């Protein structure tokens, strides 16, 4: 897919190194952590610049010529020297060999970004920075931190008069270098001081930066967490389509690559479809066979998809597709056990496909499109749950208390159109599809569910027949489709007015006196509406109910 990237020609950065002695307390930005993301992001920052308001004429000249001026530091200081002598040579980047040296090089308020491993390393660097910072300085965590840690850090540093920002950064190595999606949240007082740099270096979509303020405390990392969960789902859906084409339809990798090439010109146009096309076409230079078929089918994960699923469970939200995508990776990881199961457990033999292959591929496209709609709808449902108090509490009685607690804990006011826009470019899940989501939320910011938007409602109705046929075909082949299937199950459950949970509630009350509530149209003197009711189902039990409806 096409997008506008923040690419600028190189500038004569040797000026900066020559003038380093006079630039103390004058550099625009500091970055700690020179791994792949850190190096590429710092090069991106150095290549970008805006109008300079510094009273020093020489600094304004340098900013115009060089872009932003950046200080670089790494715990292993030899990496700093290597970086300056190689990738950063000629750029407006100055190295530091200690935390104090690093902080001394930055103008006030200091803008410092950490791109280090999430967890204790972030806290360690914050602790080492604090003795050299001044009130109003800004620390930005650009790693994949869990949002509760960003909540904690925002509060802790605010007490020390330091502004903390937790910024989700997506786009991988190339995105960091030429324009990522950036999702900042935390202490909003910091935003006016970092907006220029972040929006300058971010990807652009239709001329708009894929970066905007997300919300308070850990809101930025929360949105990045949901982004990563959707990424898990998108990747698994593509894998399921590949598996059906490969094993079910008997297609070669080159033929499958041709399908992804075609799909990338339509509604599925996206970064992940694009790279899958490339992967399918890539052959091992040694023997000319598809390299992907030599890769061990045991998927790794860093935990952000798991965090999304856990948070959904905590909030009582049915984010089923992301959950299944995490479990699919878990299943893939027990490779040895699956090998033994393959020898012992029977299933249908997959015959040579003799049907209409083009029709089957068209059905797969619809299944992938419809399932993506469900995945994003679920993701925005989760985001919705951290915004405000439940709008329809009488409809959510069984989990009302947990939702009230979540709303009280976070109390964020997130901007759905801005979130969709931030995901349109630079990030791993970027796609033309997100333009339609942005349009939907701009037209109706309080849209209850993406499926209620006219465009997506029509799209899923149109895709539904092929979606169902593709899943049925997978079942007949004996090919697992966990995410295709759970997406359809969610859709069917979501559109069902009366689910069989009435029986489940009766069972819970029967064995545990957990009580139930009656439908409004069925209320009576003995079965009042809105009350927790326990029935002595056998005549042998007692009349004492459990202490809470949530038990």
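In the working numbering, the protein residues as written are 22 to 572. C-beta atoms are modelled at their ideal positions from N, C-alpha and C, and glycine is treated no differently. As the structure is a computational prediction, the values presented were derived from the model and not from experiment.
Following the continuous beta strand (DSSP E) through residue i, name the residue where it begins and the one where it ends.
i	result
residue 115	114-116
residue 162	159-162
residue 134	132-135
residue 188	184-191
residue 309	Per DSSP, residue 309 belongs to no beta strand (DSSP E) and is neither H nor E.
residue 203	202-207
Whole-angstrom Cβ separation of residue i and residue j, contact assumed at under 8 angstroms?
i	j	result
residue 239	residue 193	Not really, about 23 angstroms apart at Cβ, beyond 8 angstroms.
residue 291	residue 476	Not really, about 17 angstroms apart at Cβ, beyond 8 angstroms.
residue 522	residue 566	The Cβ separation is near 19 angstroms, so there is no contact.
residue 381	residue 270	6 angstroms
residue 319	residue 346	About 15 angstroms; that fails the 8 angstroms criterion.
residue 214	residue 326	At roughly 33 angstroms, the Cβ-Cβ gap does not stay under 8 angstroms, so residue 214 and residue 326 are not in contact.
residue 95	residue 55	4 angstroms
residue 64	residue 174	About 27 angstroms separates the two Cβ atoms, so there is no contact after all.
DSSP three-state label for residue i, please.
i	result
residue 224	coil
residue 470	coil
residue 127	strand
residue 477	helix
residue 48	strand
residue 69	coil
residue 96	coil
residue 107	coil
residue 335	helix
residue 294	helix
residue 254	helix
residue 232	strand
residue 395	helix
residue 53	strand
residue 407	coil
residue 264	helix
residue 237	strand
residue 42	Any reading at residue 42 must be qualified, since the residue scores a pLDDT of 49, below 50, and its modelled position is unreliable; the value itself is stated next. Three-state DSSP puts residue 42 in a helix.
Assign residue i to buried or exposed, taking buried as 16 or more other Cβ atoms, counted over all protein chains shown, within 10 Å of its Cβ.
i	result
residue 119	exposed
residue 469	exposed
residue 375	exposed
residue 543	exposed
residue 557	exposed
residue 205	buried
residue 532	exposed
residue 511	buried
residue 473	exposed
residue 442	buried
residue 482	exposed
residue 564	exposed
residue 552	exposed
residue 261	buried
residue 244	buried
residue 399	buried
residue 386	buried
residue 504	buried
residue 355	exposed
residue 513	exposed
residue 117	buried
residue 99	exposed
residue 527	exposed
residue 486	exposed
residue 369	exposed
residue 358	exposed
residue 303	exposed
residue 285	buried
In the DSSP assignment, the alpha helix (DSSP H) including residue i goes from what residue to what residue?
i	result
residue 287	Element bounds for residue 287: n/a, residue is neither H nor E.
residue 168	168-180
residue 438	437-443
residue 147	141-150
residue 458	454-464
Given 8 angstroms as the limit, tell me if residue i has its C-beta closer than that to any heavy atom belonging to the ligand FAD.
i	result
residue 363	The ligand FAD is not among the ligands present in this structure, which contains no ligands whatsoever.
Any alpha helix (DSSP H) of 4 or more consecutive residues that is wholly inside the region 487-570:
503-515 and 522-533
Unbroken stretches of the alpha helix (DSSP H), 4 residues or longer, contained in the region 341-383:
341-354 and 356-365
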